[in-house]
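Notes to accompany the following structure.
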Ligand SMILES: *Cc1c(COP(=O)(O)O)cnc(C)c1O
């Protein structure tokens, strides 16, 4: 099997071969057929590529081929956003009366699907502490059909024991769906650990340039066929140009991820020794409570870290204002460093008590880009110096 860098460049070669070195953009809503039989076949071919763009397009198929190769999956499907990947998959896999288990520390949109959307459709849900090895087993019911995991989780960088969850789910005939956005297939391959399906916000590391919203799901063809059937109805189709941009972004994923990993680790190490900082959440630090588990199931720890300031809400917010290279933004995974203070982002939506329940008030999520490591570390240390007052660390 070729390596990841070779696969990201060549895994889509056989899809619509052309003499063009860079793949063409198939900016068309529909394709014509030579005869009735070909036309009828195109209408039912799962994830086909030349019938109607909502059913599939060569630009989607190229992205899917590369993602499937990197994830070690049989098939993959492209959607208009990460959330479209999640909701399409979940709608395909569960029905009213079923039960779904998810994590407490999880992406906000995933949390809202578990808390609001699924219960409204008659699907009961339980959110568990994924750092507790017993939690998933305790939450299982005879109606459980699906377990949603996310490792590392957003924004606390908690790790889920993917192997243990996959074994538990298999033993009870339950499907598993992992959000692999933070790890990327370069740092973690959930399918190798027994997880059935993997999804990504391709908006983040896969695309890597903060210029496309997209999602992908990868897994066994039989499950992808079911998800594709529902995708025809949700209609969350990625535009061909965006799929083309995503493929172009992905070509350099294996070059970018090692730099994100190096920058994330260097920032975590430097900031964890700073007197303004109470705690750094980063699975690559030996002091992370789940470091051993992270090291067992990941080959790198990613660019995102959580920094908790002793000075709380005000200090965390002020730190963001002092950073020169990290822009204040909710996204991550691009070449540019981005940082967010979750508590101030939610200020308009939740009470202070509600915020404090979901996230430490002094937490900053810093997502390191691909800038020079020394520059990012110097910038973050200078910003931490600027917000540090002896009284805040008392
Ligand atoms: C951004 C993000 C999502 C949602 O993806 P969109 O592309 O914004 O729909 C899901 N999971 C994680 C971990 C994310 O960071």
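In full-length UniProt numbering, the protein residues as written are 1 to 394. Backbone N, C-alpha and C fix where the C-beta goes; we use that ideal spot for every residue, glycine too. Since the structure is predicted, the reported quantities are computational estimates derived from the model, not experimental observations.
In this structure, how does DSSP classify residue i when only helix, strand and coil are distinguished?
i: residue 49; result: coil
i: residue 390; result: helix
i: residue 127; result: strand
i: residue 373; result: helix
i: residue 106; result: coil
i: residue 96; result: coil
i: residue 6; result: helix
i: residue 120; result: helix
i: residue 30; result: strand
i: residue 90; result: helix
i: residue 70; result: helix
i: residue 113; result: helix
i: residue 236; result: coil
i: residue 368; result: coil
i: residue 150; result: strand
i: residue 339; result: strand
i: residue 266; result: helix
i: residue 135; result: helix
i: residue 19; result: coil
i: residue 345; result: helix
i: residue 250; result: helix
i: residue 155; result: coil
i: residue 228; result: helix
i: residue 35; result: coil
i: residue 59; result: helix
i: residue 24; result: coil
i: residue 255; result: helix
i: residue 12; result: coil
i: residue 260; result: helix
i: residue 54; result: coil
i: residue 223; result: helix
i: residue 1; result: coil
i: residue 161; result: coil
i: residue 400; result: As shown, the chain starts at 1 and ends at 394. That puts residue 400 outside it, with no answer to give.
Is the distance from the Cβ of residue i to the Cβ of residue j below 8 Å?
i: residue 384; j: residue 271; result: yes
i: residue 149; j: residue 160; result: yes
i: residue 301; j: residue 364; result: no
i: residue 181; j: residue 209; result: no
i: residue 203; j: residue 326; result: no
i: residue 146; j: residue 94; result: yes
i: residue 240; j: residue 8; result: no
i: residue 362; j: residue 308; result: yes
i: residue 463; j: residue 376; result: Given that the chain is displayed from residue 1 to residue 394, the structure contains no residue 463 and the question cannot be resolved.
i: residue 336; j: residue 303; result: no
i: residue 195; j: residue 162; result: yes
So what does residue i bridge to, in DSSP terms?
i: residue 77; result: 217
i: residue 201; result: 215
i: residue 144; result: 99
i: residue 363; result: 308
i: residue 64; result: DSSP lists no partner for residue 64.
For residue i, verify whether its CB is less than 7 Å away from any heavy atom of ligand 1.
i: residue 154; result: yes
i: residue 215; result: yes
i: residue 83; result: yes
i: residue 181; result: yes
i: residue 150; result: yes
i: residue 26; result: no
i: residue 237; result: no
i: residue 201; result: yes
i: residue 110; result: yes
i: residue 143; result: no
i: residue 107; result: yes
i: residue 138; result: no
i: residue 204; result: yes
Check your understanding: Which ranges does the alpha helix (DSSP H) cover as unbroken runs of at least 4 residues, wholly within the stretch 272-335, from first to last along the chain?
Key -> Qualifying alpha helix (DSSP H) stretches, in chain order: 291-297, 312-322.
**Study point:** alpha helix (DSSP H) segments (min. 4 residues) lying fully within the stretch 167-202
**Key:** Runs found: 184-187.
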